[in-house]
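The block underneath contains the structure these notes are about, expressed in structure tokens.
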Amino acid sequence: MKLCRRLSLWTLVLAALVWGCQTMPPQTPEARRDWAEVVLRNWSSFSELRAAWLMERYGPPDLIRHDRLVWYDRGPWRRIEVWDVLPYYVPASGPDNMAETVLYWVPAERVPELKRFRRAVQVSRDGKELTSRGTSEAVNFLALNLADEVIKGEKDPRQAREFYDRTLELWRAGKSSPIMRGLRFRPAPFSPLPRASP
């Protein structure tokens, strides 16, 4: 009986230590990179490659969880997230496992237009952030550039969707397009983002 109580007590202590360690993020960039690489060993190779590319481009992530890495205020992005997914056959380049967010004020009356264009382009509840979920940064550039055109009324949702599909088809065939190389609009400037707790 005493042995069971001691084991239970040690189990609780160990669980508390593990939980405490999970909530203390590594502080230095080198420690964050090392921790992210440990986490990535348990991801599918599809997701691991995407995350490794992002770390090469933007440095170590700011937030590391067992199933998600997050960067804040890198390049034009307010937030970049990549998560682990099991790959499955999709005619495109795989399942969406990456989201990139810019600060962009979206008038409420334009939100339905964006939904008709592409559901993977999302507006935050307060209308101040625009996010694209996709398989790569190039795909997210394409989606956000077309979302900007829909918001400004330069393209209707059908035209944007057709252009998106046609451009992706050419991209998969190895033909590049300038609309997939960067943002064609200037996102709102950002102030330091409060960090999410792990």
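Whatever position you read off the sequence shown (first residue = 1), add 15 for this note's numbering. By construction, the Cβ of each residue, glycine as well, lies at the ideal position given by its N, Cα and C atoms. Small disclaimer: the values here were computed from a predicted structure and weren't measured.
- The DSSP-derived three-state label of Q137 is strand.
- With distances taken between CA atoms, L78 lies nearest to W98 out of W98, T182, K143, E63.
- Secondary structure of S59 (DSSP, three-state): coil.
- Cα atoms of Q42 and E96: separation of roughly 19 Å, rounded to the nearest angstrom.
- Within the same chain, Cβ atoms closer than 6 Å to the Cβ of I194 are found at L157, N160, the five residues on either side in sequence being excluded.
- Here D49 is exposed, its C-beta having fewer than 16 other C-beta atoms within 10 Å.
- Under the three-state reduction of DSSP output, V100 falls in the coil class, being neither helix nor strand.
- When only Cα atoms are considered, G149 and P44 end up about 26 Å apart.
- Nearest to L69 by C-alpha distance, out of A153, I166, Q174, is A153.
- Going by DSSP, D88 is part of the beta strand (DSSP E) stretching over 83–89.
- Distance between D163 and F200, taken at the CA atoms: about 7 Å.
- The Cβ atoms of A203 and W86 do not sit closer than 8 Å to each other.
- For R187, the closest alpha carbon among the candidates K170, V165, A175, S151 is that of S151.
- When rounded, the separation of the alpha-carbon atoms in R181 and S192 is 11 Å.
- Using a 10 angstroms sphere on the CB of S60, the tally of other CB atoms stays under 16, which defines it as exposed.
- In the same chain as V126, and ignoring 5 residues on each side of it, the C-beta atoms closer than 7 Å to its own belong to V138, in chain order.
- DSSP, reduced to helix, strand and coil, places W120 outside both helices and strands of the structure shown, so it counts as coil.
- With a threshold of 16 other beta carbon atoms within 10 Å, R56 falls short and is exposed.
- When the alpha-carbon of L118 is set against those of V100, T146, E128, D171, the nearest one is in T146.
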